[in-house]
Amino acid sequence: MSASGPRMQPSLFELSKPGRRSDKVPHPPSDALDRLPAEHRRERPPALPEVNEPDAVRHFVNLSQLNHAVDTGFYPLGSCTMKWNPKVNEWAARLPGFAQLHPMAPDAVAQGTLQLLWEVEQILIEVSGMDAVTLQPAAGAHGELTGILMIRAYHRSRGDMDRTDVLVPDSAHGTNPATATMAGLRTVSIKAAPDGGIDLDAFKAALGPTTAAVMITNPSTMGLFESRIGELLEAVHAVGALAYMDGANLNAILGRFKPGEAGFDVMHINTHKTFSTPHGGGGPGAGPVAVVEQLAPFLPAPRVLREPDGRFRLEAVGERPTSIGRMRSFVGSTGVLVRAYAYLRTHGGSGLAEITDDAVLAANYLKGRLAASGAYDIPFPGVCKHEFIASASSIKKRTGVRTLDIAKRLLDHGFHAPTVYFPLTVDEAMLIEPTETESIETLDAFADALIAIAQEADTDPDVVKTAPHTAPVRRLDEVGAARNPNLRWRPALGDWTPCPD
Amino acid sequence: MSASGPRMQPSLFELSKPGRRSDKVPHPPSDALDRLPAEHRRERPPALPEVNEPDAVRHFVNLSQLNHAVDTGFYPLGSCTMKWNPKVNEWAARLPGFAQLHPMAPDAVAQGTLQLLWEVEQILIEVSGMDAVTLQPAAGAHGELTGILMIRAYHRSRGDMDRTDVLVPDSAHGTNPATATMAGLRTVSIKAAPDGGIDLDAFKAALGPTTAAVMITNPSTMGLFESRIGELLEAVHAVGALAYMDGANLNAILGRFKPGEAGFDVMHINTHKTFSTPHGGGGPGAGPVAVVEQLAPFLPAPRVLREPDGRFRLEAVGERPTSIGRMRSFVGSTGVLVRAYAYLRTHGGSGLAEITDDAVLAANYLKGRLAASGAYDIPFPGVCKHEFIASASSIKKRTGVRTLDIAKRLLDHGFHAPTVYFPLTVDEAMLIEPTETESIETLDAFADALIAIAQEADTDPDVVKTAPHTAPVRRLDEVGAARNPNLRWRPALGDWTPCPD
Amino acid sequence: MAYGPHTPADRRRMLASLGMQSVDELFADIPPALRSTPLRLDPPESEQVLMGRLANLAGRNRVDLASFLGAGAYRHFSPPMVDHMLLRGEWYTAYTPYQPEVSQGTLQSIYEYESLIAELTGLDVVSASHYDGAAATAEAALMTCRATARDRVLVSRAVHPHYREVLTTYFHGAGLQVEDIPLVEDGPAAGTTDLAHLERALADADHPVAGVVLPQPSFYGLLEPMAEAARLAHAAGALFVAVIEPVSLAVLAPPGAYGADIAAGEGQSLGIPPQYGGPYLGILACTDALVRQIPGRLVGMTTDTDGKRAYVMTLQAREQHIRREKAASNICTNQTLLALAATVWLAALGPHGLRDVAALGAAKAAELEAALAAVGVARLHAGAYLNEYVVRVPNPVAVHRELLGNGVLAGLVLAEAVPDEPSVAEGLLVCATEVTTTDEISAFARQLQSALAVTAHPVGGAA
Amino acid sequence: MAYGPHTPADRRRMLASLGMQSVDELFADIPPALRSTPLRLDPPESEQVLMGRLANLAGRNRVDLASFLGAGAYRHFSPPMVDHMLLRGEWYTAYTPYQPEVSQGTLQSIYEYESLIAELTGLDVVSASHYDGAAATAEAALMTCRATARDRVLVSRAVHPHYREVLTTYFHGAGLQVEDIPLVEDGPAAGTTDLAHLERALADADHPVAGVVLPQPSFYGLLEPMAEAARLAHAAGALFVAVIEPVSLAVLAPPGAYGADIAAGEGQSLGIPPQYGGPYLGILACTDALVRQIPGRLVGMTTDTDGKRAYVMTLQAREQHIRREKAASNICTNQTLLALAATVWLAALGPHGLRDVAALGAAKAAELEAALAAVGVARLHAGAYLNEYVVRVPNPVAVHRELLGNGVLAGLVLAEAVPDEPSVAEGLLVCATEVTTTDEISAFARQLQSALAVTAHPVGGAA
Ligand SMILES: Cc1ncc(COP(=O)(O)O)c(C=O)c1O
Ligand SMILES: Cc1ncc(COP(=O)(O)O)c(C=O)c1O
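Here the protein sequences come in this chain order: A, B, C and D. Heads up: the first sequence runs through residues 3 to 503, numbered per my numbering. Heads up: the second sequence runs through residues 3 to 503, numbered per my numbering. Heads up: the third sequence runs through residues 34 to 496, numbered per my numbering. Heads up: the fourth sequence runs through residues 34 to 496, numbered per my numbering.
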């Protein structure tokens with residue numbers, strides 16, 4: 003432990019001492035709660051920690067330094083698009099006009115935000131090549147559920163009640179099958195073709211009158227563009243099913259491929275991936291969903307409408323009975339969408355296309371460097387999109403060092419690990435996505451680190467197997483954590499003082 | 003190096019590459035500079051670093067983590083009053099009404115700030131026990147110069163032209179004698195008494211018709227209240243000299259001692275010590291100066307005036323010819339004073355008194371713990387004020403380990419070092435000031451660390467002498483730095499691209 | 034260039050390493066027929082211009098009104114230290130803590146969040162986190178079905194209408210049944226959940242009930258008979274879900290105390306700005322018995338190989354990335370940063386500050402009640418409230434619009450928000466918190482008085 | 034309690050450890066006669082109440098005006114990333130880097146600041162930092178006296194009047210001499226420094242001159258004959274001090290190029306908010322030859338005992354804490370955080386962005402000149418300018434007040450700011466930067482036109 007740098011911290015509860023506080027709000031009149039019936043009152047105040055501002059702030063500042071973050075270094079996380087989070091976007095979301103607007107404020111006093119939301123919809127319509135957008139979903143998975151529920155409602159609206167199957171490639175993200183289940187449908191898992199792409203025959207064999215939808219990630223979670231997608235979409239539509247596109251990988255195709263034009267019916271967009279809204283250590287995000295015309299009637303309510311006089315309003319309660327209903331309270335994660343709007347406007351059309359070009363170029367460059375080194379297996383050697391798979395399969399056979407060990411050893415080199423063991427279909431997979439905002443110097447340093455670790459696996463495998471060595475903690479006892487879960491601090495009795503009055 | 007935690011960084015210039023940028027401002031018309039005469043134009047654009055936002059922000063985030071700071075840990079820095087910097091004050095200073103106000107804005111549109119400044123003056127008048135205050139000086143030393151120049155002007159205004167001496171105890175801060183020189187006066191250095199206090203006889207012997215002023219730090223830089231101050235001030239006034247109080251240690255006496263009431267004529271206040279405005283890695287601060295009535299005519303111009311109708315205005319140019327003149331451009335470091343105002347209002351009278359009580363209590367507690375341990379010499383064993391001196395004199399004799407080594411070893415324990423080798427009058431001095439915002443747990447941990455290091459000096463002196471061991475860097479080659487100064491990066495020729503248009 | 038680091042020379046070098054001339058070659062795998070039309074969007078904007086545009090849009094929202102609007106989203110005082118912490122890139126630009134060794138900050142903060150909410154709710158297990166109060170409530174209801182292997186839940190009509198709608202969307206999708214429990218029509222309990230109806234509905238042996246969902250306080254601001262409802266639910270083998278508002282738990286009996294199995298609710302009131310609806314914080318907590326049914330992220334305390342205390346995501350076998358179609362939920366990205374916001378806010382206020390916030394809200398609401406009563410506007414219901422309630426005004430749509438024009442946001446027009454609840458058709462749902470000022474209250478009363486005078490004596494308008 | 038951590042029990046424990054009953058015993062060393070009267074101040078305020086008070090005060094300043102005021106403090110665009118960085122506690126709550134091992138962040142940032150300003154000014158040594166442009170200019174002038182062992186400096190009246198006043202205060206205090214160099218009265222060079230006068234003043238062999246101080250651009254916005262003035266100064270054995278504005282150095286010849294020995298100036302324009310006068314950033318740079326004369330902090334690059342690159346404060350033997358009464362200056366606390374702000378701002382904009390800022394200012398100023406000319410208001414001087422100049426209006430005090438009432442801040446009334454410079458008595462000093470909008474320019478022209486119409490035909494007022 004040094005006077006600068008990361009230090010493990012006691013818990014907030016250990017900093018607590020009865021009577022510590024910093025006065026933030028005025029004291030209420032002493033009779034403020036007299037009208038509260040006794041049976042509804044809390045008997046004992048909650049034993050929340052009593053800390054003063056200095057101790058609390060130091061706690062959170064020091065805790066934060068234990069994190070890796072985009073603001074401190076590189077995240078080569080496949081499927082996660084950990085790109086730069088521009089600082090102007092944080093400023094924008096905090097403008098009082100945006101931040102302090104109540105979600106039930108009448109339309110008349112919310113015109114600025116309503117216009118912004120409407121403009122975001124228009125831009126996403128253009129990017130997706132679809133016809134309408136809802137901004138309500140709070141994340142990608144939430145968007146998936148929204149999309150699949152709309153597909154279900156569409157079939158039902160046509161009296162087509164027996165479509166219960168959702169076809170999902172086995173390389174798909176876990177949210178795809180989980181979504182199907184939440185929507186009351188059955189997941190039919192389809193094996194990937196040996197080249198990593200869609201096995202067209204297997205799909206065709208599974209398609210039929212019970213197929214509600216296919217869920218396709220394009221580019222796939224292997225980072226490959228599904229070049230047989232046109233044929234697949236035709237087959238899907240031929241059996242009366244609809245095609246859902248998981249848009250998590252949209253960063254690879256902006257201005258190069260519009261799912262709506264190509265024949266997809268629904269897609270979600272992860273603003274926290276493609277449009278740079280910050281991941282926040284796990285969230286928040288936003289998962290707007292774009293649909294083709296015939297699905298628009300089913301969009302969640304309320305939508306943002308633009309009146310002929312140029313004013314904006316929300317749909318009234320019950321205005322559009324075909325809607326699948328609400329997916330969440332209020333109108334959406336507007337604070338996230340303000341950031342996305344700033345990002346979209348900053349780039350404009352040409353900037354968005356440049357993002358994709360640079361992201362794909364960076365991924366191929368990095369892939370090329372690793373392939374040339376021979377240090378790792380590269381299961382799919384052709385051109386990739388924004389991400390690619392490397393595998394430690396041979397290294398493991400030769401040295402016993404696994405992908406997990408390599409991931410941990412990267413932490414000692416100052417890098418976050420790539421996404422590992424995903425997709426599940428590739429042995430010892432590392433899914434690597436550099437994004438367009440990392441410099442060539444960073445890409446080179448990362449490739450060098452990976453190559454050096456592969457050599458280390460031969461020369462000194464134990465160093466790799468016991469990594470990390472320089473992180474704030476060593477590897478964790480995850481089994482123990484799950485066996486005897488300790489999920490909350492239990493304050494000792496007496497850890498609180500009664501309120502002063 | 004780990005993926006989280008402090009990492010030494012390349013320089014901004016090494017991150018630069020011709021053509022890297024993030025577009026922040028619009029492009030000017032291409033003829034924008036055509037009217038600029040050729041002889042005034044810069045021939046070659048300055049070779050400033052070309053970096054994009056992500057690289058620049060990462061650079062500064064990672065650099066910042068190399069710092070110790072109040073927000074990350076304890077600074078037991080005597081004479082510096084490194085107390086908590088409340089977060090609400092940062093919010094206040096950034097309110098657009100304060101931050102965006104132009105310093106030459108007409109009084110009519112600056113009433114909010116003018117009122118705030120006036121109120122700060124009133125509060126400081128009450129705290130100091132003086133009659134008038136100027137907020138113009140930018141730091142303590144600047145306040146000293148202001149005060150001494152006023153004293154000089156006062157004597158001259160009375161035709162008393164021969165007062166050239168300023169009497170300063172040898173334990174005084176270096177700014178005191180340096181100030182006397184800047185004011186064209188001569189420093190007469192007076193040795194401290196053996197008990198650390200003022201040597202009254204020595205002072206009396208030095209006082210005379212050439213004495214312009216005495217500069218007294220009270221409590222002294224030993225952390226001791228000058229209990230003979232009453233007698234000294236009488237003697238000073240008896241010879242027609244004035245008494246300046248260095249108010250750096252004001253945190254020790256709020257509500258307990260008002261220098262103006264006691265007979266001082268001028269004092270400065272360090273807002274960045276007593277009133278919690280952040281030190282900023284070396285500045286900014288503010289150094290308001292309070293004076294008794296007879297010095298008020300000499301205050302720097304412009305003052306803030308309150309009109310009978312309750313409106314506020316600045317003095318006009320030349321309005322008060324007795325003024326010593328301006329000490330800086332514009333009205334003062336208003337952004338700093340907004341923070342100080344917030345702090346003063348938060349505490350009110352009772353809170354300010356509580357600050358002093360707690361600061362003095364904490365210092366005595368810590369001193370008591372060290373004294374009880376016997377690990378360090380405590381040259382002045384009585385009650386101290388907000389700070390106290392410990393010394394490694396015996397340790398050095400016994401083990402060869404010096405105060406500097408102990409200071410460096412503290413860094414390995416997660417603490418900043420105390421102020422060392424100051425005051426210059428105590429051998430192997432450590433001046434320790436805990437302030438009122440450190441918890442008893444922190445005080446205990448710090449005492450434990452100091453005691454442990456003293457033991458280590460006996461058992462393993464080399465570990466102490468070669469400390470720090472866990473900081474981002476080891477001890478530095480300071481001699482080499484001064485012998486062959488490298489004070490700037492020299493970009494290689496060709497490190498820039500001509501502007502695109 | 035916006036944020037990318039690549040100079041033309043960098044691009045050339047990268048392409049050359051791939052033996053390519055143009056970046057177009059990297060997109061050769063997109064069949065020509067599928068290639069996109071160009072993006073018809075505006076050109077890029079410099080930051081200075083963009084900021085002007087955004088400031089202009091933000092300026093077109095009115096956030097300077099004297100507002101009495103609550104209805105599930107509440108204005109609260111947030112000490113500047115809270116946002117100061119959230120602005121640290123180490124928090125908001127971090128990813129999900131899948132590499133715990135370099136994510137201890139996020140992990141410990143989540144553990145602390147879990148601990149704080151557990152303490153507030155009196156429950157054991159807290160997941161971190163859900164999209165919002167509505168989604169958390171829907172997930173809670175789904176939990177009751179999984180845990181009891183039943184498919185019918187009863188939801189009080191006193192629950193926020195948005196939550197009921199979301200629950201219905203989720204349940205219809207999943208092929209499960211939702212039934213309303215109506216409100217008591219009159220008497221001292223008017224406006225609260227009709228327990229007699231609940232008892233009858235629970236008694237239907239052919240359709241056993243998985244869960245019963247009641248709010249505290251209710252959408253109408255009333256305090257609900259939670260203990261009695263929980264008893265009835267348990268007696269029928271159903272689980273009991275409390276929809277809570279966390280600030281109120283400083284002073285109200287916690288779900289754990291009245292026997293709730295699950296608590297769900299909106300965490301926005303823990304210092305998160307209203308920002309027109311999100312991002313918010315869905316709170317979900319349950320008893321230890323339900324730990325393997327709870328969806329969402331759980332962080333536990335453990336040790337590293339050196340025995341040092343550390344934190345890690347745990348019981349991941351409930352989650353979609355492991356269990357896929359058998360997962361407890363499809364949730365992946367959640368609201369972690371908002372959980373952090375709530376944690377910092379609670380740390381800033383502490384137990385006494387939180388209680389002061391709740392008590393000040395109650396005091397201001399009582400002050401408002403008196404001020405409105407003085408101009409002849411009374412509460413609609415008789416029951417106890419904390420800081421929100423319904424007042425009755427004639428012609429609420431017009432009155433509300435009139436006040437808006439005069440700078441007062443007079444709460445929520447219930448005729449518009451819950452058109453299917455005729456008992457509140459003349460109601461305005463109003464709320465006060467610690468930030469409500471006496472000036473705002475007087476303005477409301479004054480404006481209301483004059484609006485009602487106009488409505489009573491319309492000048493040349495239709496009556 | 035505001036921020037202190039001590040509970041009553043903590044205080045008792047600490048007192049007990051000292052064998053004391055009351056904290057009063059700790060103040061027994063203050064003689065009773067000297068003990069203070071109580072503090073007659075308001076009671077403490079909670080954060081919520083305080084914030085209301087502050088927002089109210091801030092709201093009483095008008096910062097929404099169309100402003101053409103420069104005169105030494107300039108509005109510039111600052112990308113949000115700048116303040117985002119400054120809000121990190123690791124920067125603003127750190128102390129002076131006396132322990133370099135745990136202060137490398139501050140130290141490296143200062144080294145980078147020194148490097149950036151050296152590059153901008155074309156000089157070698159930059160100290161970090163001084164109170165403001167005025168104090169830096171005074172320190173520069175004092176340096177010339179120390180370096181030449183002479184005691185007389187010549188200062189152009191085209192230097193900012195505040196800087197001249199401060200220089201005079203410092204010099205009178207130190208017993209040194211300052212003399213003005215007047216302005217050229219008419220002709221193409223009107224308003225710039227009178228070089229003929231300078232030459233004469235330098236020629237006085239009895240009173241050799243230590244330093245000559247000229248601004249670029251001048252207070253009146255004009256470009257000054259720096260190269261010629263430097264030549265004259267050097268010919269007389271004096272040093273030459275340039276008072277610079279750093280943004281202009283993106284496009285103007287740097288001091289190093291025209292032979293300046295020292296550059297001083299105000300760094301506020303490097304993205305620091307105007308905030309009614311401070312904290313600002315005093316820039317001071319000099320040639321290598323003067324390195325031991327420069328006051329203020331210097332950071333150098335060095336290595337640690339492992340040979341790793343690192344940074345440290347150096348050449349401290351110039352400073353007060355070592356040299357005491359023989360120090361180069363009494364400066365201690367300085368403006369380090371503002372130097373960081375400037376460093377981040379320059380990194381954000383880069384060389385091209387900085388040039389764009391300077392060029393946009395020039396373009397907007399030209400647009401303003403044309404717009405004002407179109408309503409009959411012309412420049413007072415003929416010389417070249419960058420983005421600030423004087424226009425002539427009759428009755429400037431009244432016109433300025435009139436426009437202020439209509440939302441336009443029409444620059445600076447020179448009759449009030451420099452009453453001793455009759456040549457500009459009818460002048461308004463106006464300025465434009467990249468944030469000036471065309472709308473603002475039109476409003477200024479329009480308002481000016483109607484104000485002048487009123488002034489020309491006063492309605493019932495004194496003429
Ligand atoms: C391919 C893919 N699909 C879906 C998702 C789910 O999106 P979210 O995490 O926003 O719910 C993800 C994100 O992790 C993903 O990578
Ligand atoms: C005793 C004393 N006097 C004067 C000063 C000078 O104050 P400043 O650093 O604000 O110029 C200091 C501060 O370091 C000090 O401790």
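Where is the CB? At the ideal position from N, CA and C, for every residue including glycine.
I'd like to know if Arg60 (chain A) contacts chain B, where contact means its C-beta is closer than 8 angstroms to some C-beta of that chain.
Yes, Arg60 (chain A) lies at the interface with chain B (some Cβ there is under 8 angstroms from its Cβ).
Straight-line CA distance for Asp36 (chain A) to Ser302 (chain C)?
In a straight line, the C-alpha of Asp36 (chain A) is about 23 angstroms away from that of Ser302 (chain C).
Quick check on the DSSP output: what are the complete alpha helix (DSSP H) runs of length 4 or more inside the segment 351-382 of chain D, in order along the chain?
Whole alpha helix (DSSP H) segments, 4+ residues: 353-356.
Neighbouring residues, chain D, relative to Leu87 (chain C) (Cβ below 8 angstroms):
For the C-beta of Leu87 (chain C), not a single chain D residue is nearer than 8 angstroms; the gap to the nearest is close to 11 angstroms.
Taking contact to mean at least 3 C-beta pairs separated by less than 8 angstroms, is the segment 248-257 of chain C in contact with the segment 8-18 of chain A?
No: fewer than three Cβ pairs fall under 8 angstroms.
If we cut at 8 angstroms on Cβ distances, does Leu98 (chain C) have a partner in chain D?
No, Leu98 (chain C) does not count as interfacial toward chain D.
Strictly below 7 angstroms CB to CB, what residues from chain B border Ala416 (chain A)?
The sequence shown places Gly at residue 416 (chain A), not Ala. Within chain B, Met3, Ser4, Ala5, Arg9 have C-beta atoms less than 7 angstroms from the C-beta of Gly416 (chain A), given in sequence order.
Residues of its chain near Ala275 (chain C), where Cβ-Cβ distance is below 7 angstroms and the 5 sequence neighbours each way are ignored:
When the five nearest sequence neighbours on each side are left out, the beta carbons in the same chain lying within less than 7 angstroms of the beta carbon of Ala275 (chain C) are those of Leu247, Gln249, Met259, Pro288, Ala293, Ala296, in order along the chain.
Less than 7 angstroms between the CB of His532 (chain A) and some heavy atom of ligand 1, yes or no?
Summary: the structure shown does not reach residue 532 (chain A), with chain A confined to residues 3 through 503, and so no result is reported for it.
Alpha carbon to alpha carbon, what distance is there between Arg347 (chain A) and Glu352 (chain D)?
Approximately 51 angstroms, taken between the alpha carbons.
For Asn253 (chain B) and chain C, any beta-carbon pair shorter than 8 angstroms?
No - not a single Cβ of chain C is within 8 angstroms of the one on Asn253 (chain B).
Within the chosen definition, does the segment 422-430 of chain B reach the segment 393-410 of chain B through at least 3 CB pairs nearer than 8 angstroms?
By the Cβ criterion, the segment 422-430 of chain B is in contact with the segment 393-410 of chain B, since at least three pairs of Cβ atoms, one from each stretch, lie closer than 8 angstroms.
Nearest residue (CA-CA) to Pro56 (chain B), options C:Met34, C:Tyr128, C:Ala372
With respect to the C-alpha of Pro56 (chain B), the residue from C:Met34, C:Tyr128, C:Ala372 having the closest C-alpha is C:Met34.
Kindly indicate the opening and closing residues of the beta strand (DSSP E) around Glu212 (chain C).
Residues 210-214.
Proximity test, Cβ basis, 8 angstroms: Trp93 (chain B) and chain C
When Cβ-Cβ separations below 8 angstroms define contact, Trp93 (chain B) makes contact with chain C.
Looking at C-alpha atoms only, which residue of A:Ile357, A:Thr468, A:Asp464, A:Arg490 is the closest neighbour of Thr437 (chain A)?
Checking every option, the nearest Cα to that of Thr437 (chain A) belongs to A:Ile357.
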